[in-house]
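Shown next, in structure tokens, is the structure this report addresses.
And the structure:
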């Protein structure tokens, strides 16, 4: 009897008349946890984070002290992300042209309302504040540079986990993109955060912030911060590139995504389909 949790697809290939591929929607073990695993509502409440009630300059100095000794503290990281996003409405804020009400949940935002990524999260400023030993000179530009370097750390960790032996070139490309993105990312900030691109940095509140930013930019691609999504895009999709390409191709051809898999692909693409394809996706 066929397993109800699997989907069989027969694909014609040049080396074999037919090949049967079984896509299972059973949960797979992963070496790291995607932010979406924490993106759950409970009793219609959004995910929550606890941060410090400080200024953006104060949290910048504290985070720089931590990074100087290769220290990653979740409440410091999430506090920093929050305040830098809040102080840049020109980049992160969007006025909705319609209600945003996902899947019957309470509305994230109403038409004509201004929202940013933290409209998706319940933020409480109740974490005991800590002062930096020395307040460093900073600016909105320097804080934005450091924010991008902190966000891209997530992508680098995922890249290292997926390709432990071949990640250096990809990480260099990410760094080069940030330096030429127009957001003024500095080489010094990249160096400070590079050593913290390790799995222990995937802390709970950090992942919630990453997921919120990714969902926001995915829903509102006209946001000025849209190209920052290069930092967060793996947060909700495994094999996002091949799946996105397949979905776009299916729409052009007027097919459902499952139907598209009946067609012949190149061997490299088919390998990706086998690797990431699941009925639940």
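Residue numbers (UniProt numbering): 1 to 281.
Glycine residues also receive a C-beta, built at the ideal position from the N, C-alpha and C atoms.
Determine the closest residue to residue i out of the options, with distance taken between C-alpha atoms.
| i | options | result |
| --- | --- | --- |
| residue 120 | 131, 127 and 101 | 101 |
| residue 63 | 149, 167, 122 and 204 | 149 |
| residue 156 | 115, 182 and 190 | 190 |
| residue 177 | 152, 194, 221 and 160 | 152 |
| residue 207 | 254, 221, 158 and 113 | 158 |
| residue 198 | 211, 215 and 171 | 171 |
| residue 140 | 46, 107 and 85 | 85 |
| residue 97 | 114, 200, 254 and 256 | 114 |
| residue 111 | 118, 99 and 122 | 99 |
| residue 65 | 134, 138, 56 and 88 | 134 |
| residue 200 | 254, 154, 253 and 118 | 154 |
| residue 187 | 142, 88, 221 and 213 | 142 |
| residue 118 | 253, 215 and 181 | 215 |
| residue 181 | 138, 230 and 213 | 230 |
For residue i versus residue j, is the C-beta distance shorter than 8 Å?
| i | j | result |
| --- | --- | --- |
| residue 83 | residue 146 | no |
| residue 132 | residue 58 | yes |
| residue 144 | residue 184 | yes |
| residue 161 | residue 74 | no |
| residue 67 | residue 193 | yes |
| residue 297 | residue 92 | There is simply no residue 297 to check, as the chain begins at 1 and stops at 281 in what is shown. |
| residue 50 | residue 124 | yes |
| residue 196 | residue 72 | yes |
| residue 52 | residue 127 | yes |
| residue 217 | residue 226 | yes |
| residue 54 | residue 129 | yes |
| residue 209 | residue 94 | no |
| residue 47 | residue 109 | no |
| residue 78 | residue 205 | yes |
Helix, strand or coil: how does DSSP classify residue i here?
| i | result |
| --- | --- |
| residue 85 | helix |
| residue 61 | helix |
| residue 113 | coil |
| residue 98 | coil |
| residue 205 | helix |
| residue 79 | helix |
| residue 256 | coil |
| residue 56 | helix |
| residue 73 | coil |
| residue 67 | helix |
| residue 223 | coil |
| residue 285 | A query on residue 285 cannot be resolved here, the shown segment of the chain reaching from 1 to 281 and no further. |
| residue 231 | helix |
| residue 264 | A caution first: residue 264 carries a pLDDT of 48, below 50, which makes its placement in the model too unreliable to give a value. |
Mind checking if residue i is an interface residue toward chain C, Cβ cutoff 8 Å exclusive?
| i | result |
| --- | --- |
| residue 169 | In the displayed structure, chain C is absent; only one protein chain is listed. |
Who does residue i pair with in a DSSP beta bridge?
| i | result |
| --- | --- |
| residue 124 | 50 |
Comparing the CB of residue i with every heavy atom of the ligand MG, is any distance shorter than 7 Å?
| i | result |
| --- | --- |
| residue 171 | Annotation note on the ligand MG: not contained in the displayed structure, which lists no ligands. |
### Message
For a minimum of 4 consecutive residues, which ranges assigned as the alpha helix (DSSP H) are wholly contained in the stretch 129-202?
### Response
140-162, 168-179 and 187-194
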